[in-house]
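Below is one structure, written out as structure tokens, with a few remarks after it.
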Amino acid sequence: MSSSEARPYGRRAFLGLMAGGLSSLLWAGPASRVLSPVTSGFSQLLGNLLPVGGWRIYTISGSMPLFDEASWRLEIDGLVRRPLALTYADLRALPRAEQVSNFHCVTGWSVANVRWGGVRFRDLLALVQPLPAAKAIRFVSLEDPYDDSLALGQALLPDVMLAYDMDGSPLSRPHGAPARVVIPEMYGYKGVKWLTRMELVDRQPTGYWEGLGYDQNAWVGRSNGYSA
Amino acid sequence: MATAPERRRLWRFTRTERAVHWVHATAFLILFASGLCLYLPSLAEAVSRRPLLKAIHIYTAVGWAVALVAIVLAGDRRSLIRTAREIDRFDADDRAWLRSRAAPQGRLNAGQKLNAVVTAAFALLFAVTGFFLWYGERDTRFRLPNALLVHDWLMYVSFLLFMGHLFLAVIYPKTRHALNGITRGWVDEEWAVQHHPKWVEQVRDRRTSS
Chain A
0 MSSSEARPYG RRAFLGLMAG GLSSLLWAGP ASRVLSPVTS GFSQLLGNLL PVGGWRIYTI
60 SGSMPLFDEA SWRLEIDGLV RRPLALTYAD LRALPRAEQV SNFHCVTGWS VANVRWGGVR
120 FRDLLALVQP LPAAKAIRFV SLEDPYDDSL ALGQALLPDV MLAYDMDGSP LSRPHGAPAR
180 VVIPEMYGYK GVKWLTRMEL VDRQPTGYWE GLGYDQNAWV GRSNGYSA
Chain B
0 MATAPERRRL WRFTRTERAV HWVHATAFLI LFASGLCLYL PSLAEAVSRR PLLKAIHIYT
60 AVGWAVALVA IVLAGDRRSL IRTAREIDRF DADDRAWLRS RAAPQGRLNA GQKLNAVVTA
120 AFALLFAVTG FFLWYGERDT RFRLPNALLV HDWLMYVSFL LFMGHLFLAV IYPKTRHALN
180 GITRGWVDEE WAVQHHPKWV EQVRDRRTSS
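Residue numbers (numbering that gives the first Met the number 0), protein chains in the order written: chain A, 0 to 227; chain B, 0 to 209.
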């Protein structure tokens, strides 16, 4: 009988899979970038069949905020000369900016070439006229208690915006309807979704994730333990 | 007894083995469903309660590990050790079966052995990457940028394996009788002669020698 020539393939396969799987914690990122021409075709195919598209939706509370156009306001206040509250129509009537940029999440996934439409912060700030003491903007989400902030200089970078359109249609509920902050140079947790208030402040407060140990200046590839 | 000899039953899996299987299967399904709700935007919107789903996902994983330890402690450990040894060993027929699908097989065929190995390794890798995802959110020093990617890949491959497993166990007429073995423990001897002749031989030898 053949039992004498039995070989321990089971444990070899097991150990091989474990070695491959654990070491992939080191090489999975580079490998997926090398394979991205293949996998992006696959995920595009999948994206047409399934609602994947590379995004994943992170929320911190029990339910996703629901946008109601009649009652929604964007309050802009704090250290400003003319505090005001914009309606959705007011927001959309402001000078429109468009851009295509990549989105990076601190947990390791990215979405390339997202088409955003929205308003530059320069145009929003011109409406309220910040006082000289104002050094930063605190962004408050309808999703309590999520907030985060950007230094004024960061908010005024050329490809930073308050977006109300994504990929050709109004921002959907999972993506932060009706408006979210977009700052491609920084990880996604800086891009506050379901925005309802911008408060001009003299010092950057600690944001939601920053209170849990994440960096305030969340530069992609240069923060949160990543190095260039 | 009135049972005809060709309708004789062979005990294929002990209660302990079946318990391991069903704990694993149940946990996989709950983890897969809750994980998809965390992963797919449209499901995330429909369900919308991310903290609850996260809790379900994490506590199911903890429950899975605790249940497996409990089964090992309280169950028939000898049958588990015997099965593990069986899964480890690939004899000449097993190796031939992998190439041609046409060599006589024991209680577990070579494909079933490989499936068991992959399932066990994937479970551990899911647990390790899942731990980093969970703990890295609390302590950023444990945040590994690739953990999410590996967790995703494991999910895609597991899903394909699961669909194949389901097909063979529930749909494919030639093999689906095997489901009886993992639910009630026994299979028809007649079926076993077709699919696992070396096992039937062993059982008959034991019968005559005892």
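Note that beta-carbon positions come from the ideal geometry of N, C-alpha and C, so glycine has one too. Remember, it's a predicted structure, so these values are computed and weren't measured experimentally.
Counting along the chain, A/F13 sits inside the alpha helix (DSSP H) bounded by residues Y8 to V33. The continuous alpha helix (DSSP H) containing A/D89 extends over residues Y87 to A92.
The bridge partners DSSP lists for A/A96 are A/G117. Residue ranges of uninterrupted beta strand (DSSP E) with 3 or more members, entirely inside the segment 102–182 of chain A and ordered along the chain, are 109–119, 135–140, 146–150, 160–165 and 179–181. Against A/P7, the close residues of chain B are D87, R88 and F89, in the order they occur along the chain (beta-carbon pairs closer than 9 Å).
Partner residues in a beta bridge of B/W152, as assigned by DSSP, do not exist.
In the DSSP assignment, A/E74 falls outside any alpha helix (DSSP H) and within the unbroken beta strand (DSSP E) covering L73 to G77. When beta bridges are read from the DSSP output, B/D75 appears opposite no residue. Excluding the 5 residues flanking it on each side, B/R6 has same chain C-beta neighbours closer than 8 Å at D187, E188 and E189, in chain order.
One Cα belongs to B/T118, the other to A/R32, and the distance between them is close to 27 Å. A buried status is given to A/M197, since no fewer than 16 other beta-carbon atoms sit within 10 Å of its beta-carbon. The beta carbon of A/R55 falls within 7 Å of a beta carbon belonging to chain B, placing the residue at that interface. Beyond the five residues adjoining it in sequence on each side, A/P82 comes within less than 8 Å, by CB distance, of E74, I75, D76 and V127 in the same chain, given in chain order. With contact defined as three or more Cβ pairs closer than 8 Å, the segment 190–203 of chain B and the segment 93–108 of chain B are in contact. Collapsing the DSSP output to three states places B/M162 in a helix. Only K112, L113, V116, V117, A119, A120, L123 and L124 from the segment 109–126 of chain B bring a Cβ to less than 7 Å from some Cβ of chain A. Under a criterion of Cβ atoms nearer than 8 Å, the residues of chain B adjacent to A/N223 are, in order, T139 and R142.
Nearest to B/A102 by alpha-carbon distance, out of B/K112, B/A91 and B/R175, is B/A91. DSSP places B/R88 in the coil class of the three-state scheme, outside both helix and strand. Judged by pairs of C-beta atoms under 8 Å, the segment 122–129 of chain B touches the segment 150–165 of chain B, as three or more such pairs exist. Excluding sequence positions up to five before and after B/R142, its CB lies within less than 6 Å of the CB of G135, all in the same chain and listed in chain order. In this structure, the straight-line span from the alpha carbon of A/V180 to that of A/G212 is close to 21 Å. The beta carbon of A/P64 does not come within 7 Å of any beta carbon belonging to chain B, so the residue lies off that interface. It is roughly 19 Å from the alpha-carbon of B/L178 to the alpha-carbon of B/L159. The segment 12–22 of chain B makes contact with the segment 73–80 of chain B: 3 or more CB pairs, one atom from each, lie closer than 8 Å.
With a beta-carbon spacing of about 5 Å, A/W193 and A/S140 fall inside the 8 Å limit used to define contacts. A/E4 has a beta carbon lying within less than 7 Å of a beta carbon in chain B. At a Cβ-Cβ threshold of 7 Å, A/L130 and A/L78 count as neighbours. In this structure, the beta-carbon distance from A/G116 to A/D166 does not fall below 7 Å. Within the DSSP secondary-structure output, A/L194 pairs in a beta bridge with A/S140. If you compare the alpha carbons of B/R137, B/D204 and B/F27 with that of B/A64, the shortest gap goes to B/F27. Taking 8 Å as the Cβ-Cβ cut-off, the segment 196–219 of chain A approaches chain B at L211, G212 and Y213, given in chain order. Residue contact with chain A for B/V186: absent (no Cβ-Cβ distance below 7 Å to any residue of chain A). B/Y171 is classed as exposed because its beta carbon has fewer than 16 other beta carbons within 10 Å across all chains shown. Within the same chain, and ignoring the five residues on either side of A/A178 in sequence, the residues whose Cβ sits closer than 6 Å to its Cβ are L161, Y163 and L194. In the DSSP assignment, B/W198 falls within the alpha helix (DSSP H) that extends over P196 to S208.
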